[in-house]
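Some notes on the structure that comes next.
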Amino acid sequence: MDNPSEDSSDSPQQQPESPVNDDQRVYFVPYRWWKEAQESAPSDGKSATLYAAAPAPSYGGPMKIINNIFSPDVAFNLRREEESLSQSQENGEVGVSGRDYALVPGDIWLQALKWHSNSKAAAKNGKSFSATDEDIADVYPLQLRLSVLRETSSLGVRISKKDNTVECFRRACRIFSVDTEPLRIWDLSGRTALFFSDENNKILKDSQKQSEQDMLLELQVYGLSDSVKNKAKKDEMSMQYPNGSSFLMNGTGSGITSNLTRSSSSFSGGPCEAGTLGLTGLQNLGNTCFMNSALQCLAHTPKLVDYFLGDYKREINHDNPLGMNGEIASAFGDLLKKLWAPGATPVAPRTFKLKLAHFAPQFSGFNQHDSQELLAFLLDGLHEDLNRVKNKPYVEAKDGDDRPDEEIADEYWNNHLARNDSIIVDVCQGQYRSTLVCPVCKKVSIMFDPFMYLSLPLPSTSMRSMTVTVIKNGSDIQISDFTITVPKDGKLEDLIRALSTACSLDADETLLVAEIYNNRIIRYLEEPADSLSLIRDGDRLVAYQLHKGTEEAPLVVFTHQQIDEHYIYGKLTSNMKTFGIPLAAHSRVLTGSDIRSLYLQILTPFLVHNTAQADNLNCDRSATEVCTDSEVSTDMEPGNSIVNGIPESIAEEDTAEPLDMEFQFYLSDDKATFKGSEIVMNERLQSTDISGRLNILVSWSPKMLEQYNTGLFSSLPEVFKSGFFAKRPQESVSLYKCLEAFLKEEPLGPEDMWYCPACKQHRQATKKLDLWRLPEILVIHLKRFSYNRFLKNKLETYVDFPTHDLDLSSYLAYKDGKSSYRYMLYAISNHYGSMGGGHYTAFVHQGADRWYDFDDSHVYPISQDKLKTSAAYVLFYRRVEEI
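Quick note: the sequence shown uses full-length UniProt numbering, first residue 1, plus one each step.
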């Protein structure tokens with residue numbers, strides 16, 4: 001069986017290039033579906049022509065019959081009946097059998113389909129909609145290519161397998177079977193009459209003479225219950241046949257054949273249910289996913305869609321100095337109409353992007369931006385462009401003067417509406433109460449301000465995991481890694497406190513924290529008030545566990561280096577390279593010999609003699625202990641004792657040269673980047689060399705590298721491993737907790753001092769916010785991006801937000817008893833990735849329990865259990881009215 005998915009849909013010889021006029025499109029729907037929907041959107045009362053379908057006789061000769069055995073076509077005749085629509089309606093016959101269909105014009109079909117998608121809401125409001133779930137659960141088109149040939153008094157129709165995909169043809173066989181049940185079609189558009197006109201009859205005959213083929217048309221079938229009966233094959237079908245939307249019949253001369261070029265690609269660039277209104281993607285123009293995500297959420301905001309698909313331009317305020325001469329509103333409205341056009345393919349929002357860049361230069365170019373910032377600008381711009389107030393009066397906010405809050409709130413709101421009145425205010429704006437209290441005179445100031453969206457903090461992001469290596473000095477030196485949890489915005493003292501508990505720090509011990517880079521100490525973290533935000537995930541930290549009683553002695557810090565040989569342009573070159581973790585200890589050193597003895601004492605636990613001993617001494621870092629001096633001496637061969645930290649056998653081998661030549665010690669700066677004078681054994685150090693910290697750079701000979709297991713002090717983990725397979729512990733918080741954090745009382749920052757009218761001074765007052773008036777559309781922005789002087793960070797907290805019943809009744813400071821305080825989620829703007837990059841998508845609710853993922857050009861169905869992720873950034877809720 002051939003697969004027509006690669007067929008003729010793009011074949012130029014079968015598709016004359018003729019423009020399609022939207023006004024001439026005719027759509028094919030079940031008559032019962034149309035009849036119940038038109039109660040909400042009544043037709044203009046045009047008369048209807050009834051056609052009855054009957055099996056078509058076989059024609060085409062023996063060869064045609066043979067072909068039909070292997071590839072049978074669906075063929076039938078449409079014969080005009082004299083019965084009128086009104087007569088059938090009086091008899092109650094229309095739509096009873098479920099085999100009555102209607103041909104309706106595009107504008108009326110658009111209104112009906114929109115009404116159908118909101119059928120549940122319509123039923124709740126007392127509408128008379130009663131179609132079964134099977135009729136409306138999957139309102140998407142079956143796209144068929146069929147041929148129509150005018151006969152004497154009827155239309156001959158054939159649906160061929162060669163012109164359609166396998167699944168489409170199978171469904172056509174089930175829907176258009178006329179052998180078992182009668183089929184009737186009511187033409188409410190008047191288009192079929194064109195097939196019987198002399199002019200079009202001549203065109204048909206001429207076309208047949210030229211191509212010797214029937215005239216090809218494209219049939220769009222909407223709302224048939226057959227789509228539900230085959231749910232198991234839905235995904236397969238959506239992948240197999242070319243989606244898109246075109247027209248059934250075109251009444252303009254040579255345009256009788258359909259232009260299929262633009263419907264040959266998959267709908268919205270992905271395996272989506274084609275033809276459903278609004279499921280149209282937006283092309284990415286270059287890092288414009290942030291814009292596409294915000295636009296798709298607004299493009300599916302209920303009342304905004306109705307408004308911009310209507311006559312919104314009569315409300316454009318061209319004289320508003322705060323507006324943009326209506327250009328943003330016009331560009332947004334034009335874009336919305338393209339997105340909601342029947343059968344639209346992915347739209348390139350170039351015109352809107354140009355207008356946006358013109359009025360908001362921060363969004364010009366092709367850099368990634370914040371979808372919430374774009375949303376805030378766009379809502380404000382649409383409001384000013386559509387502000388119904390032409391001349392804004394001057395209003396002055398008055399003090400409460402101990403009046404009731406209800407009276408003050410209404411006064412503030414009425415003053416706001418006197419200057420701001422638009423569809424954005426009607427739908428998206430609410431009001432909150434702001435209470436300021438002076439910490440000195442206790443003066444209370446109450447104001448009521450409008451809001452367009454709520455920006456909620458994520459309180460669960462207060463903790464952070466950090467891994468630090470602790471080195472404990474002594475005869476049994478220990479190197480251990482500890483992972484602790486500290487406040488993300490905490491101080492160094494929080495890290496020290498948590499680390500002290502983790503490593504069981506004694507009362508007479510202290511911790512000195514240092515940052516290591518390239519095997520050198522680049523800074524010490526000693527100021528308790530230093531912010532932990534200065535420590536990045538990729539940093540490496542060491543905490544030296546030292547005794548408190550030895551602080552008066554200088555801290556001697558040893559940094560290790562070895563010879564590094566490599567070839568450059570075929571020539572062997574060598575230089576000194578640092579390795580390992582710097583080691584430190586408090587000690588009173590007076591001569592070079594003191595320094596050498598201290599270093600050898602620290603290294604004693606890492607000493608090995610042969611490979612077997614090296615294996616025994618290679619302790620597991622996770623065991624928190626490394627090998628001790630006693631373990632080394634036990635494993636030594638008899639008679640091979642330690643001499644000044646060196647095995648006796650080695651000391652004997654080196655009798656020909658001084659033992660101190662195995663290590664060279666040099667004075668250095670605090671970052672071990674400067675190699676100063678060499679320290680001579682048995683010579684006293686100058687007093688200027690011995691201060692609070694003595695930095696020593698130690699050069700290792702190849703022979704000494706063989707005698708010590710340097711791997712035991714060479715591994716240093718990152719503060720947080722952010723590799724591909726590493727995952728942070730998933731933080732979780734409910735949306736209600738975020739709201740509580742937003743509404744809690746807190747002091748103003750030093751940079752946001754409030755001028756107290758009683759004290760006549762700026763005070764660091766306490767501020768408390770309360771929700772007072774809720775909008776019909778509630779936009780909630782989750783503050784995932786944090787900024788400070790030093791770095792930017794994205795918070796990956798998982799927010800558990802309600803999808804069906806967001807109840808805000810307990811968070812309102814005032815209830816009027818009339819409005820509902822329950823909301824339902826209908827869109828999400830998602831951000832995946834980090835601050836430096838990432839990608840935006842949108843999840844959108846499309847009636848019943850159907851959700852779709854809008855990923856630029858691609859639109860895919862998504863299950864409800866996939867909606868809640870740590871990528872959720874902006875949530876869109878609509879009010880649910882109480883029953």
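Idealized CB from N, CA, C, for every residue including glycine. Quick caveat: nothing in here was measured; it's all calculated off a predicted structure.
By the Cβ rule, the stretch 770–782 counts as touching the stretch 427–447, because three or more pairs are nearer than 8 Å. Pairing Phe290 with Tyr840 gives a Cβ-Cβ distance under 8 Å. The Cβ atoms of Val395 and Ala409 do not sit closer than 8 Å to each other.
His318 counts as exposed, since fewer than 16 other beta carbons sit within 10 angstroms of its beta carbon. Separation of Gln761 and Val444 (C-alpha to C-alpha, rounded to the nearest whole angstrom) is 14 Å. Cys297 and Ala842 do touch by the CB rule: their CB atoms are close to 5 Å apart, below 8 Å.
Residue Val468 holds the alpha-carbon nearest to the alpha-carbon of Tyr544 among Gln764, Val468 and Phe665.
Residue nearest to Ile516 within the set Leu456, Asp670 and Asp494 is Asp670 (criterion: CA-CA distance).
In the three-state reduction of the DSSP assignment, Ile780 falls in the strand class, which pools E and B. Across the structure, Leu495 and Lys472 are spaced so that their CA atoms are roughly 17 Å apart. Counting along the chain, no alpha helix (DSSP H) covers Val347, and no H or E run does either. A contact is defined here as three or more CB-CB pairs under 8 Å, and the stretch 743–757 fails this definition with respect to the stretch 514–529. Asp385 is a Cβ neighbour of Ile316, given a cutoff of 8 Å. When C-alpha distances from Arg158 are compared across Val104, Gln601 and Leu78, the shortest belongs to Leu78.
Asp100 places its beta carbon 8 Å or farther from that of Arg174.
For His416, the enclosing alpha helix (DSSP H) starts and ends at Asp405 to Arg419. The C-beta distance from Ser587 to Leu598 rounds to 5 Å, short enough to fall under 8 Å.
Just so you know, the alpha carbons of Leu356 and Ala75 end up roughly 53 Å apart. Here Gln372 is buried: its Cβ has 16 or more other Cβ atoms, across all protein chains shown, within 10 Å. Our two residues, Asn387 and Gly310, have alpha carbons roughly 17 Å apart in a direct line.
With contacts defined by Cβ atoms closer than 8 Å, Val733 and Leu456 do not form a contacting pair. In the pairwise beta carbon analysis, the stretch 810–824 is classified as not touching the stretch 344–363: fewer than three pairs are separated by under 8 Å. In this structure, the straight-line span from the alpha carbon of Asp530 to that of Lys577 is close to 32 Å. Thr501 carries a helical assignment under DSSP once its states are collapsed to helix, strand and coil. The count of Cβ pairs closer than 8 Å, one atom from the stretch 320–340 and one from the stretch 871–880, stays below three, leaving the stretches out of contact. Under DSSP, the beta-bridge partners assigned to His858 are Asp855.
Annotated as distal: Leu694 and Val542, with beta-carbon spacing of 8 Å or more. Cβ-Cβ distances below 6 Å link Asn284 to Asp856 in the same chain, with the five nearest sequence neighbours on each side left out; the list follows chain order. Residue environment analysis places Lys815 among the exposed positions, since fewer than 16 neighbouring C-beta atoms fall within 10 angstroms of its C-beta. The stretch 482–501 makes no contact with the stretch 557–575; the number of CB pairs closer than 8 Å stays below 3. When secondary structure is reduced to three states using DSSP, Gly156 falls in the strand class.
Judged by DSSP secondary structure, Asp770 falls outside any alpha helix (DSSP H) and instead within the beta strand (DSSP E) spanning Thr766 to Arg773. Of the candidates Thr766, Ala871, Met447 and Gly281, Ala871 places its Cα closest to the Cα of His781.
The beta carbon of Asp800 lies closer than 8 Å to those of Ser732, Val733, Ser734, Leu735 and Lys868 in the same chain, with the five residues before and after it left out. Under the DSSP definition of a beta bridge, Trp186 partners with Leu50 and Ala102. The beta carbon of Leu583 sits closer than 6 Å to those of Phe558 and Ile602, all from its chain and outside the five residues before and after it, given in chain order.
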